[in-house]
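Numbering (our numbering), first residue to last: 357 to 768. Each residue gets a CB set at the ideal place from its N, CA and C atoms; glycine is no exception. Notes for the one structure printed next.
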């Protein structure tokens, strides 16, 4: 590698969706990239730290190629590594690479670039890049970019603590990593929320309000939603799938009975259930049955949030007493006016233990890394021999993450 030049490659496989990462390596990638970036404030990557993210537009003259997220790592060898995350469409990636080539970067194959910037064994680059490619929201992309460095540094601190005989704090840190790692399926694969309730309680309107778009057909007629309908969306940065189901009621119509059966079946697939009720009228028998069923399963299989909809109408006197007796998490909203919807979003996320998912500390970014942490934590419970075993296990991650850690600390 000739450090006088700037080299660039797309690290992620081509795909029509998702995100892509273009990496630039060399002594002066910042001076090459700075003039191409535009934001509300002047963009200068010169003094960025390894854990900092910069948001900007990648510009080709007056034309925007894409919105990008940029990170910068520096090394003792004066090598600078810049990662630029953008939307993963092949055409967007191609235009970005052609622009970089035009301003002086040499475009190389990703395997060549990674051999310069990552350790020979690769700092678990495969899982990290794979997860980056499947990230469904910009917030998840930002989180993965942070965890690439933060997780490596935390593992290094834990290993050093174990070597210095500080097994108890090291174990506590490992335990915290494992707890935070439990959110991985939600962050990477998304959260499935099923909206259940009687007919005409406003489930479809609520789904539209949460999704921020007209996803479900809305009608005052009972039975408008005959089958379950999925709506992918983003709630507080996390990927969600909202499942709008048919209204629960007794019927002699075989199609409606099948719709109700499917609505009940969808509850079994949920990470969280929104039990939606119309605050302006008394509950029907099917709704009372639903409340009794969910009341016995508040958090065993999935959390349940009770949503009293149509707050813009007068509250029925029966409902006020029922809300008091229910004694479960609940919120009054108006899907029509939007009142209470932002608070409902926060309740949904916090009910799954995800309230501070972006900011509450280092987290394994893939299942294999999480498994190593769990195995090391288990070894610590077996005494001194277990400490040595835990160090050996964690050293697997240390060696695999070595290049990332060096990038962030400036080590050789």
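Grouping DSSP H, G and I as helix and E and B as strand, with all else coil, what is residue i?
i: residue 553; result: strand
i: residue 658; result: coil
i: residue 479; result: Model confidence at residue 479 stands at a pLDDT of 48, short of 50, so the residue's coordinates are unreliable and nothing is read from them.
i: residue 586; result: strand
i: residue 367; result: coil
i: residue 537; result: helix
i: residue 594; result: strand
i: residue 543; result: helix
i: residue 470; result: helix
i: residue 644; result: helix
i: residue 448; result: helix
i: residue 689; result: coil
i: residue 708; result: coil
i: residue 639; result: coil
i: residue 695; result: coil
i: residue 569; result: coil
i: residue 652; result: The predicted model places residue 652 with a pLDDT of 48, which falls under 50 and marks its position as unreliable; any figure quoted below should be read in that light. Here residue 652 sits in coil by DSSP.
Is residue i near the ligand ATP, with its Cβ less than 6 Å from a heavy atom?
i: residue 728; result: This structure lacks the ligand ATP, and indeed carries no ligand of any kind.
Have a look at the DSSP bridge pairing and note the partners of residue i.
i: residue 665; result: 634
i: residue 600; result: 551, 585
i: residue 462; result: 363
i: residue 559; result: Answer by DSSP bridge pairing: none, since residue 559 is not bridged.
i: residue 628; result: 549
Let me confirm a value: residue i is counted as buried when at least 16 other C-beta atoms fall within 10 Å, else exposed. Which label applies?
i: residue 621; result: exposed
i: residue 643; result: buried
i: residue 597; result: buried
i: residue 366; result: buried
i: residue 658; result: buried
i: residue 402; result: exposed
i: residue 577; result: For residue 577, the predicted model reports a pLDDT of 49, less than 50, meaning its position is unreliable; a value from the coordinates is still stated below. The residue is exposed, with fewer than 16 neighbouring Cβ atoms inside 10 Å.
i: residue 408; result: exposed
i: residue 564; result: buried
i: residue 454; result: exposed
i: residue 624; result: exposed
i: residue 694; result: exposed
i: residue 744; result: exposed
i: residue 376; result: buried
i: residue 360; result: exposed
i: residue 559; result: buried
i: residue 417; result: exposed
i: residue 750; result: buried
i: residue 513; result: exposed
TODO: Decide yes or no for the touch test of the segment 624 to 639 against the segment 659 to 667: beta carbon pairs closer than 8 Å, at least 3 of them.
DONE: The answer is yes - the segment 659 to 667 touches the segment 624 to 639, with three or more Cβ pairs under 8 Å.
Task: Contact between the segment 725 to 743 and the segment 544 to 562 (3+ Cβ pairs under 8 Å) - done: As far as the Cβ criterion goes, the segment 725 to 743 does not touch the segment 544 to 562, which means the pair count is below three.
TODO: Can you check the segment 711 to 758 for any beta strand (DSSP E) of at least 3 residues that lies completely inside it and give the ranges in chain order?
DONE: Contiguous beta strand (DSSP E) elements confined to the segment 711 to 758 do not occur, taking only those with 3 or more residues.
Open item on the list: Three or more C-beta pairs under 8 Å: does that hold for the segment 484 to 495 against the segment 536 to 550?
Closed with: Taking 8 Å as the limit for Cβ pairs, the verdict is that the segment 536 to 550 does touch the segment 484 to 495.
Task: contact_flag[the segment 461 to 469, the segment 390 to 410] where n(CB pairs < 8 Å) is 3 or more - done: Here the segment 461 to 469 does not lie against the segment 390 to 410, with fewer than 3 beta-carbon pairs under 8 Å apart.
Open item on the list: For the segment 702 to 721 against the segment 500 to 514, do three or more pairs of beta-carbon atoms, one drawn from each stretch, fall closer than 8 Å, so that the two count as touching?
Closed with: Taking 8 Å as the limit for Cβ pairs, the verdict is that the segment 500 to 514 does touch the segment 702 to 721.
Open item on the list: As an exercise, report each continuous beta strand (DSSP E) stretch of at least 3 residues that is fully enclosed by the segment 372 to 444, in chain order.
Closed with: Within the segment 372 to 444, the runs of beta strand (DSSP E) that reach at least 3 residues and sit entirely inside it are, in chain order, 375 to 382, 410 to 416, 419 to 430, 436 to 443.
Open item on the list: Taking 8 Å as the cut-off, does the segment 414 to 431 touch the segment 441 to 454 (at least 3 CB pairs, one atom from each stretch)?
Closed with: The segment 441 to 454 makes contact with the segment 414 to 431, as at least three CB pairs between them are under 8 Å.
- [ ] Tell me the start and end of each unbroken alpha helix (DSSP H) in the segment 483 to 534 that is at least 4 residues and wholly inside, in chain order.
- [x] Whole alpha helix (DSSP H) segments, 4+ residues: 494 to 519.
- [ ] Would you be able to state if there are at least three C-beta pairs under 8 Å between the segment 529 to 538 and the segment 592 to 605?
- [x] Contact annotation: the segment 592 to 605 does not touch the segment 529 to 538, with fewer than three C-beta pairs closer than 8 Å.
Task: Contact between the segment 698 to 710 and the segment 583 to 597 (3+ Cβ pairs under 8 Å) - done: The segment 698 to 710 makes contact with the segment 583 to 597: 3 or more CB pairs, one atom from each, lie closer than 8 Å.
Task: Three or more C-beta pairs below 8 Å linking the segment 495 to 503 and the segment 516 to 525 - done: Segments in contact, no.
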